[in-house]
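Visitor:
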Amino acid sequence: MLIGEVSARSGVSARMLRHYDRIGLVSPTARTHGGYREYSEEDIRRLFHVEGLRSLGLALQEIADAFGDLSFSPAAMVDDLIARTHARLAQETKLLRDLSQVQASEPTGWFDVLKTIGLMRGLDAEDASERQRFALSLDKEEVARGVIPLVEAALTDTDLNAAGALDWALAQGGDAAVPILSDALDSPDERRRHRAVEALTKIGSPRASDALVDAFEHPDPLVRSRASLARGRRGDTDVIPTLVALIVDGRDDVEASDVLADLAARRGCAEEITSAIGTELARAGDTERQRLTAALADIRGQDADVLLTGLAGDPDRRVALTATFLLRSRDQSGVLQGDSSSLTVVRVRSGEDALRTSREKTR
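Numbering (my numbering), first residue to last: 193 to 555.
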């Protein structure tokens with residue numbers, strides 16, 4: 193079969209066939225009387241082997257080495273090709289991401305394109321401390337112009353210091369990042385969801401808080417707990433049982449205690465908070481009861497003082513010490529020295545009894 197016919201049937205150009213011949217990869221075994229290349233059936237089979245390996249991504253030299261190596265392992269070759277393909281896909285995915293971010297920055301000229309590319313290079317620095325310094329160096333204008341790559345970097349950076357610097361940078365840009373971070377709360381990637389929560393919390397604006405509040409029924413426990421805190425900071429008192437539950441669970445318990453104290457002061461709901469804490473105390477274990485006792489530190493009022501008085505005699509020493517300390521640090525002009533009544537604390541026992549108080553009028 194002559195070269196033209198081989199080219200027509202195989203789809204390989206005559207120029208490529210001549211190249212294969214020059215490098216010794218596929219050479220015709222015969223020549224016609226006129227000197228033309230003539231391919232045998234074995235030559236054609238070899239040609240199709242070459243093309244098959246090329247389609248998998250092997251270079252011509254690698255194909256030549258495979259043909260010349262009797263110990264050549266097809267399985268090892270396929271493994272190597274898979275690894276290369278993954279690497280190539282990662283590079284192309286990154287390129288697509290970078291191009292999309294440049295496009296989203298809505299450049300009006302090449303200067304804008306170059307500024308965005310420079311921003312992305314700074315955010316992609318291999319050294320985490322360099323990324324941190326770069327994020328801290330950005331001004332408000334740079335943050336506003338590069339909010340999309342900044343958010344992406346904040347959601348994916350695995351270094352705590354660099355990620356914190358990126359959150360700080362986003363906070364300097366106001367609410368520009370809030371819509372993107374809000375969408376990230378529904379990401380299938382848990383880490384992206386949690387990083388979005390952290391960034392929204394750092395921004396702390398009313399719009400960022402609203403984005404968290406809207407996630408109050410989110411299936412992710414961390415997102416849900418931060419949404420509860422946001423609702424409490426907004427002044428919603430119906431979140432009190434949820435905040436108390438956070439203290440019991442030990443998830444964001446310090447923040448939940450602070451929010452409860454603020455609600456008690458601003459909304460006048462100390463009695464409701466104390467009741468919710470008392471209910472949980474009656475059925476909680478010792479570690480949980482210690483956290484609940486500590487949460488009463490800034491909850492003022494007669495009910496809270498009565499509850500702490502009972503806890504001062506708690507069988508668990510840590511609970512008793514915490515309650516005693518809080519009682520001593522309180523304003524002693526309150527319920528403990530009331531001139532119109534005396535208080536009798538019946539008892540508080542873990543998992544069995546709730547605190548009961550009775551008031552006897554002074555005769």
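The beta carbon of each residue, even a glycine, is placed where N, CA and C say it ideally should be.
Please read these numbers as outputs of a predicted model, since none were measured by experiment.
Out of curiosity, what's the CA-to-CA distance linking V198 and I255?
Guide: Distance between the alpha carbons of V198 and I255: 20 Å.
Visitor: Using C-beta distances below 6 Å, list every residue in its chain close to D412, excluding the 5 sequence neighbours before and after it, in chain order.
Guide: Same-chain partners within the cutoff: R385.
Visitor: Based on Cα-Cα distance, which residue from V446, T308 and H241 lies nearest to A336?
Guide: T308
Visitor: Excluding sequence positions up to five away, which residues of its chain have a Cβ less than 7 Å from the Cβ of L421?
Guide: Hits under 7 Å: D444, E447, A448 and V451.
Visitor: Report the rounded CA-to-CA distance for V436 versus T285, giving the unit in angstroms.
Guide: 45 Å
Visitor: I'd like to confirm the pairing. Which residues does DSSP put opposite L194 in its beta bridges?
Guide: E230
Visitor: In chain order, which beta strand (DSSP E) runs of at least 3 residues are fully inside the segment 211 to 295?
Guide: none
Visitor: Could you have a look at E333 and say whether DSSP puts it in helix, strand or coil?
Guide: helix
Visitor: Let me know if I215 comes out buried or exposed under the rule of 16 or more other beta-carbons within 10 Å of its beta-carbon.
Guide: Exposed, by the Cβ-count rule.
Visitor: Can you give me the Cβ contacts of A354 inside the same chain, cut-off strictly under 6 Å, excluding the 5 residues immediately before and after it?
Guide: A320, R323 and Q324
Visitor: Along the chain, where does the alpha helix (DSSP H) that runs through V343 open and close?
Guide: V339 to T348
Visitor: Work out the CA separation of D375 and L438 for me, nearest whole Å.
Guide: 25 Å
Visitor: Which same chain residues end up closer than 6 Å to A222 when comparing Cβ atoms and leaving out the 5 residues on each side of it in sequence?
Guide: E230
Visitor: Distance, Cα to Cα, S525 vs S329?
Guide: Note on S525: pLDDT 43, under 50, position unreliable in the model; no value is reported.
Visitor: Under three-state DSSP, which class holds G526?
Guide: With a pLDDT of 49 at G526, under the threshold of 50, the predicted position of this residue should be treated as unreliable, and no value is reported.
Visitor: Which of the three DSSP states, helix, strand or coil, is assigned to E318?
Guide: coil
Visitor: In this structure, does DSSP put L628 in helix, strand or coil?
Guide: The first residue shown for the chain is 193 and the last is 555, placing residue 628 beyond what the model contains.
Visitor: Any idea what DSSP makes of V300, helix, strand or coil?
Guide: The sequence shown places Thr at residue 300, rather than the Val named in the question. Note: T300 maps to coil in three-state DSSP.
Visitor: What span of residues does the alpha helix (DSSP H) with F517 cover, start to end?
Guide: R509 to S521
Visitor: In the DSSP assignment, the alpha helix (DSSP H) including L377 goes from what residue to what residue?
Guide: Neither: L377 is in no alpha helix (DSSP H) and is coded neither H nor E.
Visitor: When you compare each of A476, F259, D454 and L377 to L404 by their alpha carbons, which one comes out closest?
Guide: L377
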